[in-house]
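Q:
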Amino acid sequence: MSNINLDNIDSMQVDVLKEIGNIGAGNATTALSTMVNGKVDMNVPKVALLEFKDLPDTVGGAENIVVGILITLEGEINGMMMFMMEQKSAYRLVNILLGKPPEDESFTEMELSALKEIGNIIAGAYLSSLSTLTGIRIDASVPYMSIDMAGAILSVPAIEFGKVGDKALIIETQFSKDDSDVNGYFILIPSLESYGVILSSLGL
Amino acid sequence: MGKLIKVGMADLNVCTTPDALTTLGLGSCVGIVLYDSLKKTAGMVHVMLPDSTKIKNNENTAKFADTGIDALIDKMVSIGASKSRLIAKIAGGAQMFAFSSNNDMLRIGERNTEASKLKLKSLGIRIIAEDTGLDYGRTIEFYPETGELHVKSVGKPLKVM
Numbered sequence: 001m002s003n004i005n006l007d008n009i010d011s012m013q014v015d016v017l018k019e020i021g022n023i024g025a026g027n028a029t030t031a032l033s034t035m036v037n038g039k040v041d042m043n044v045p046k047v048a049l050l051e052f053k054d055l056p057d058t059v060g061g062a063e064n065i066v067v068g069i070l071i072t073l074e075g076e077i078n079g080m081m082m083f084m085m086e087q088k089s090a091y092r093l094v095n096i097l098l099g100k101p102p103e104d105e106s107f108t109e110m111e112l113s114a115l116k117e118i119g120n121i122i123a124g125a126y127l128s129s130l131s132t133l134t135g136i137r138i139d140a141s142v143p144y145m146s147i148d149m150a151g152a153i154l155s156v157p158a159i160e161f162g163k164v165g166d167k168a169l170i171i172e173t174q175f176s177k178d179d180s181d182v183n184g185y186f187i188l189i190p191s192l193e194s195y196g197v198i199l200s201s202l203g204l
Numbered sequence: 001m002g003k004l005i006k007v008g009m010a011d012l013n014v015c016t017t018p019d020a021l022t023t024l025g026l027g028s029c030v031g032i033v034l035y036d037s038l039k040k041t042a043g044m045v046h047v048m049l050p051d052s053t054k055i056k057n058n059e060n061t062a063k064f065a066d067t068g069i070d071a072l073i074d075k076m077v078s079i080g081a082s083k084s085r086l087i088a089k090i091a092g093g094a095q096m097f098a099f100s101s102n103n104d105m106l107r108i109g110e111r112n113t114e115a116s117k118l119k120l121k122s123l124g125i126r127i128i129a130e131d132t133g134l135d136y137g138r139t140i141e142f143y144p145e146t147g148e149l150h151v152k153s154v155g156k157p158l159k160v161m
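Chains as they are written, first to last, in the UniProt record's numbering: chain L, 1 to 204; chain U, 1 to 161.
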């Protein structure tokens, strides 16, 4: 089985992981555009090996207030999938979907649960395309949601990585809606062994 | 007014007044502040995991409650603090997501807090203020001049301990 040495990933492996991010995020973005009935763009995914202290900078800084929807992965691959949106973006998204005035900046209980479901659908689109591509079975948990500082939310996957090393390898894709009022991130954080499983499934 | 020195995740640092220490967005991690009020010297460590002995890759001492506190004390003593005068203030150890399953990974905040307290107790360092647990993140700032720990959370008033 193909192994990843965190300090020495070859460019082929990076390209493959980027492509995985591309396909996963592409499907998730399509799901999102369908929901909002508008164009949603995504950036080229970034595959980054980050020290823990640099992790929150990928999503706008440790104190940036975000909505994080976390799905844990079990089965043939382990790890976490996180869908993160800036709080303002989450308000806009809910307002678009539920036909509320665009300036409304609050959530009712029902809107919170709608938001969680949106996150679930979007993250599900990401994971199912990954599963189709690799032929790997991915069992995803129910979605968990938290609205808080990005650093605090990212501490949850960071701690999982902390058990095996001092850095986290993430596949991150940023998306934004045309008028840039909705933007956020897809972050896939497989466990270290799972990288090997993913790469082997693609013949590397 | 001195500098506000940042302590990252799995990181530690020390300072003397007028400088201050901060760590941003503590979630399940625990921020431990040690303070020598006579020398107005402080140290802060942002630990991610309770126990270095359970983990193979444990070179980064600041990552664990057990080794992080020891490393912090050494560093403080090296800039003139006295170990016997140290007191502690701690914050963090939240459970950021309301997981329904009983997975051990999900109690990590609580375990980090317990391990930090145990370690401090074994060293005879008294905890004089604590803001831990619950389900939200915290940014903390410590000012050695006054000995105040400021705890900021989203949508909550500033807490000074």
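Cβ coordinates follow ideal geometry from the N, Cα and C atoms, glycine included.
Who are the near neighbours of L/Gly119 in its chain, counting only those whose CB is closer than 7 Å to its CB and skipping five residues on each side?
A: Around L/Gly119: Ile69, Phe83, Pro143, Met145.
Q: Within 8 Å (strictly less), CB to CB, does L/Val59 reach chain U?
A: L/Val59 does not count as touching chain U.
Q: At a Cβ threshold of 8 Å, is L/Gly79 touching chain U?
A: Cβ-Cβ to chain U under 8 Å: no for L/Gly79.
Q: Output the residue ranges of the alpha helix (DSSP H) runs that lie fully inside the segment 2-70 of chain L and measure 4 residues or longer, sorted by chain position.
A: Fully enclosed alpha helix (DSSP H) runs of 4 or longer: 11-36.
Q: Between residue 162 of chain U and chain L, is any beta-carbon pair separated by less than 8 Å?
A: With chain U represented from 1 up to 161, any question about residue 162 of chain U goes unanswered, as that position is not in the structure.
Q: By the three-class DSSP mapping on this structure, what secondary structure does U/Asp131 have?
A: Looking at U/Asp131 - three-state DSSP - the assignment turns out to be strand.
Q: Sorted by chain position, which residues of the same chain lie with C-beta nearer than 8 Å to U/Phe142's C-beta, five sequence neighbours on each side aside?
A: If we look at U/Phe142 and ignore the five residues flanking it on each side, its Cβ neighbours are Ala20, Leu21, Thr22, Val33, Tyr35, Ala42, Met44, Lys89, Glu148, Leu149, His150.
Q: Between U/Ala10 and U/Met48, how many whole angstroms is the CB-CB distance? I'm expecting something under 8 Å.
A: Correct: roughly 5 Å between the Cβ atoms.
Q: Across which residues does DSSP place L/Pro190 in a beta bridge pair?
A: Answer is L/Gly79, bridged to L/Pro190.
Q: Just checking my contact of L/Gly79 with L/Ser194 at CB under 8 Å: how many whole Å lie between their CB atoms?
A: That pair is a contact at about 5 Å.
Q: Select from L/Val67, L/Gly60, L/Leu199, L/Ala62 the residue whose C-alpha is nearest the C-alpha of L/Leu112.
A: Ranking L/Val67, L/Gly60, L/Leu199, L/Ala62 by Cα distance to L/Leu112 puts L/Val67 first.
Q: In angstroms with no decimal places, state the Cα-to-Cα distance between L/Met1 and U/Pro144.
A: Only weak support is given to the placement of L/Met1: the predicted model assigns it a pLDDT of 47, under 50, and the question is left unresolved by the model.
Q: Please list, in chain order, the chain U residues whose beta carbon lies closer than 7 Å to that of L/Val156.
A: Chain U residues near L/Val156: Gly27, Ser28, Met96, Phe97.
Q: Within the chosen definition, does the segment 54-71 of chain U reach the segment 110-127 of chain U through at least 3 CB pairs nearer than 8 Å?
A: Yes, they touch.
Q: Applying a beta-carbon distance threshold of less than 7 Å, which residues of chain U neighbour L/Gly165?
A: In chain order: Asn57.
Q: Taking only the alpha-carbon atoms, compute the straight-line gap between L/Gly135 and L/Thr72 and give it to the nearest angstrom.
A: Distance between the alpha carbons of L/Gly135 and L/Thr72: 19 Å.
Q: Taking DSSP as the reference, what is the three-state secondary structure of U/Thr41?
A: Correct three-state label for U/Thr41: strand.
Q: Under DSSP, the alpha helix (DSSP H) around U/Ser78 begins and ends at which residues?
A: Looking at the DSSP string, the run of the alpha helix (DSSP H) that includes U/Ser78 is 65-78.
Q: Return no unless some Cβ of chain U is closer than 8 Å to the Cβ of L/Met1.
A: Confidence in L/Met1 is poor, its pLDDT being 47 and thus under 50, which makes the residue's placement unreliable; the coordinate value appears in the next sentence. No, its Cβ sits nowhere closer than 8 Å to a Cβ of chain U.
Q: For the segment 8-28 of chain U, list every residue whose C-beta sits within 8 Å of some C-beta in chain L, in sequence order.
A: From the segment 8-28 of chain U, only Gly8, Met9, Ala10, Asp11, Leu24, Gly25, Leu26, Gly27, Ser28 have a Cβ closer than 8 Å to chain L.
Q: By Cβ distance, which residues of its chain are closer than 6 Å to L/Ser155, with the 5 residues on each side in sequence left out?
A: Nothing listed; no residue qualifies.
Q: I'd like to know whether the C-beta of residue 205 of chain L is nearer than 8 Å to at least one C-beta of chain U.
A: The question about residue 205 of chain L has no answer here: the residues shown for chain L are numbered 1 through 204.
Q: Below 8 Å between beta carbons: does that hold for U/Gln95 and U/Asp70?
A: Contact flag unset, no.
Q: Does the segment 184-191 of chain L come into contact with the segment 82-100 of chain L, if we say contact requires no fewer than three beta-carbon pairs (one atom in each stretch) closer than 8 Å?
A: Contact holds: three or more Cβ-Cβ distances are below 8 Å.
Q: Whole angstroms are fine: how far does the CA of L/Ala150 sit from the CA of L/Asn27?
A: So the alpha carbons of these two residues sit roughly 24 Å apart.
Q: What first and last residue would you give for the alpha helix (DSSP H) that runs through L/Met110?
A: Taken as a continuous stretch (DSSP letters only), the alpha helix (DSSP H) holding L/Met110 covers 109-134.
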